[in-house]
Structures are given as C-alpha cells and as structure tokens.
Amino acid sequence: MAIINEIDERKKTVIEVAKKMMVAARTAPKGKGADNLEMAILTDDNIRLVAMEMRKIGEQREYDIFIRDADNILASADAVFLIGTRIKTLGLKVCSLCGFADCATKEKYPLVPCVYNTGDLGIAVGSAVAVAADNRIDNRIMHTIGVAALNLEIFSSSVKVIWGVPLSASSKNPFFDRKK
Numbered sequence: 001m002a003i004i005n006e007i008d009e010r011k012k013t014v015i016e017v018a019k020k021m022m023v024a025a026r027t028a029p030k031g032k033g034a035d036n037l038e039m040a041i042l043t044d045d046n047i048r049l050v051a052m053e054m055r056k057i058g059e060q061r062e063y064d065i066f067i068r069d070a071d072n073i074l075a076s077a078d079a080v081f082l083i084g085t086r087i088k089t090l091g092l093k094v095c096s097l098c099g100f101a102d103c104a105t106k107e108k109y110p111l112v113p114c115v116y117n118t119g120d121l122g123i124a125v126g127s128a129v130a131v132a133a134d135n136r137i138d139n140r141i142m143h144t145i146g147v148a149a150l151n152l153e154i155f156s157s158s159v160k161v162i163w164g165v166p167l168s169a170s171s172k173n174p175f176f177d178r179k180k
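Shown next, in the form of structure tokens:
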C-alpha cells in the first residue's frame, strides 16, 4: 500500500479545485444566456509575473494595497483563479441600468461596463468561490490581481474587468492578513 503525504498532494489538490471553480463559473446563470467570461488558472512563474506587476502598480501609483497583496500571493498562493468579462451589451431596447437609454446608445461608449456583464461576472465569481469554500480551500476575491492581469493582457483585449482569486490550503486563510 502506498503512503500519500498531504504535503505532496496539497498543491495538486488546490489546482484540481481551481479547475472545478472554472466549471462552476461557466455554468453560473448569464443574462440572456450570453456568456462573456474568460478564465485561467495561474501557478508558479505566472503568479510571480502577476505579483511583480501588482508591485509595480503599487509603487508607481503609491498604493500600498497592491504591494501588500503581491507579497501575500507570492508567499501563500498555490494557484490563482482569474475570471474576467468582455464588455458587450445584450441588445436590450429597455434597460438603462448603465446610465444610457438603451444598449444602442451605450455601444457608443465601449469602455463603460454593461451591468449585465459585470453582474454575470459577480454571480460567476460567487459560484467559483463557493466551490473553493466547499472544498475548504482558502481564498479571497482581489481586484488588485485583476488590474495586474489587465495590464499583462492575460485575456483577450475585449475583456475589460477581471477579478483574481488566490488559493491556498493552510492552517488559516493567509489572504485575510492585513498588515497595512
């Protein structure tokens, strides 16, 4: 009989849960059934790349939370789940939740998010982190990771809003350590 050591399996298990998070996000409800999401899982060197970009943003903009979060994911993340949305209206004649009269008017302002896109992203992120929680994987939704991922153009250019979720399996959730 083989002996399976938890330390040897921990990272692999975190990555397997991250894959399940992608499925949960993909199958989450979407407005008019329009799926505008892109997702990825980062490990090792790609986590370092994003963390270095976060640090750069923090230093350039004198915004310490980017540096804090960069250090935190470098020290503790076994994987990072990324999820973003394209900004694409649904062609509704009556809505105006974005501030414009209708989707046709909003289309003249392509960088203004459609509330359905960002709402769908929120529902998908909730489904994904529920999977992490159900599997007892430490996580936290972070905009700082998303900003860095946007700068690094990890997703297609049509993706304009990204959230990052660092994942870890440890004795306490390291992503809620807030020293600054």
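Residue numbers for the sequence shown, in the working numbering: 1 to 180.
Here a beta-carbon is modelled for each residue, glycine too, at the ideal position from N, C-alpha and C.
1) Between LEU49 and VAL80, how many whole angstroms is the CB-CB distance? I'm expecting something under 8 Å.
2) For the beta strand (DSSP E) containing LEU181, name the first residue and the last one.
3) Between which two residues does the beta strand (DSSP E) containing SER127 stretch?
4) Starting from ALA79, follow the beta strand (DSSP E) in both directions and report where the run begins and ends.
5) Between LEU82 and ILE162, which are expected to be in contact by the criterion C-beta below 8 Å, what is the C-beta distance as a whole number of angstroms?
6) State buried or exposed for GLY58, treating a residue as buried only when at least 16 other CB atoms are found within 10 Å of its CB.
7) If you follow the beta strand (DSSP E) that GLY164 is part of, which residue opens it and which one closes it?
8) Report yes or no: do the segment 91 to 101 and the segment 127 to 145 share at least 3 C-beta pairs separated by less than 8 Å?
9) Are the beta-carbon atoms of GLY119 and GLY31 separated by less than 8 Å?
10) For ILE47, is the classification buried or exposed, using 16 other Cβ atoms within 10 angstroms of its Cβ as the cut-off for buried?
11) Which one or two residues does DSSP pair with ASP138 in a beta bridge?
12) With burial defined as no fewer than 16 other Cβ atoms inside 10 Å of the residue's Cβ, what is the status of MET1: buried or exposed?
13) Out of GLY122, VAL94, SER170, ILE145, which has the shortest C-alpha to C-alpha gap to ALA51?
14) Tell me whether the beta-carbon of PRO166 lies closer than 8 Å to the beta-carbon of ASN139.
15) Going by beta-carbon coordinates alone, are MET54 and ALA148 separated by less than 8 Å?
16) If distances are taken between C-alpha atoms only, which option among LYS12, ILE65, LEU37 comes closest to ALA24?
17) Taking the alpha-carbon positions, what's the ASP71 to GLU107 distance?
18) Taking the alpha carbon of TYR116 as the point to measure from, which residue in ILE67, LEU92, THR105, LYS19 has its own alpha carbon closest?
A quick look at the data gives this:
1) The residue labelled residue 49 in the question sits at position 49 within the sequence shown. The residue labelled residue 80 in the question sits at position 80 within the sequence shown. Actually they do not touch by this definition, with Cβ atoms about 10 Å apart.
2) Given a span of 1 to 180 for the chain in the structure shown, any question on residue 181 remains unanswerable.
3) In the sequence shown, the residue the question calls residue 127 occupies position 127. It is not in any beta strand (DSSP E) - SER127 instead sits in the alpha helix (DSSP H) that spans 115 to 134.
4) Sequence index remark: in the sequence shown, residue 79 carries index 79 (1-based). Segment 79 to 86, the beta strand (DSSP E) holding ALA79.
5) As a first step, residue 82 is located in the sequence shown; it is residue number 82 there, counting from the start. As a first step, residue 162 is located in the sequence shown; it is residue number 162 there, counting from the start. So it is a contact: roughly 6 Å between Cβ atoms.
6) Counted from its first residue, the sequence shown places residue 58 at position 58. Buried is the call here.
7) Locating residue 164 in the sequence shown gives position 164, counting from the first residue. Run containing GLY164: 159 to 168, per the beta strand (DSSP E) assignment.
8) The segment 91 to 101 and the segment 127 to 145 do not touch, with fewer than 3 CB-CB distances between them shorter than 8 Å.
9) The residue you call residue 119 lines up with position 119 of the sequence shown. The residue you call residue 31 lines up with position 31 of the sequence shown. Closer than 8 Å, so yes.
10) Residue 47 sits at position 47 when you count from the first residue of the sequence shown. ILE47 comes out buried.
11) As a working note, residue 138 is residue 138 in the sequence shown. In the DSSP assignment, ASP138 forms a beta bridge with SER168.
12) By one-based count along the sequence shown, residue 1 stands at place 1. Exposed, since its Cβ has fewer than 16 Cβ neighbours within 10 Å.
13) Within the sequence shown, numbered from 1, the residue matching residue 51 stands at position 51. The option with the nearest alpha carbon to ALA51 is ILE145.
14) Position 166 of the sequence shown, counted from the first residue, corresponds to residue 166. Position 139 of the sequence shown, counted from the first residue, corresponds to residue 139. The Cβ-Cβ distance between PRO166 and ASN139 falls below 8 Å.
15) Taking the sequence shown and counting its residues from 1, one reaches residue 54 at position 54. Taking the sequence shown and counting its residues from 1, one reaches residue 148 at position 148. Yes.
16) Stepping through the sequence shown from its first residue, residue 24 is reached at position 24. Nearest option by C-alpha distance: LEU37.
17) Here the question's residue 71 lines up with position 71 in the sequence shown. Here the question's residue 107 lines up with position 107 in the sequence shown. Near 39 Å, if we compare the C-alpha coordinates of GLU107 and ASP71.
18) Here residue 116 corresponds to residue number 116 of the sequence shown, with the count starting at 1. Cα-wise, what sits closest to TYR116 is LEU92.
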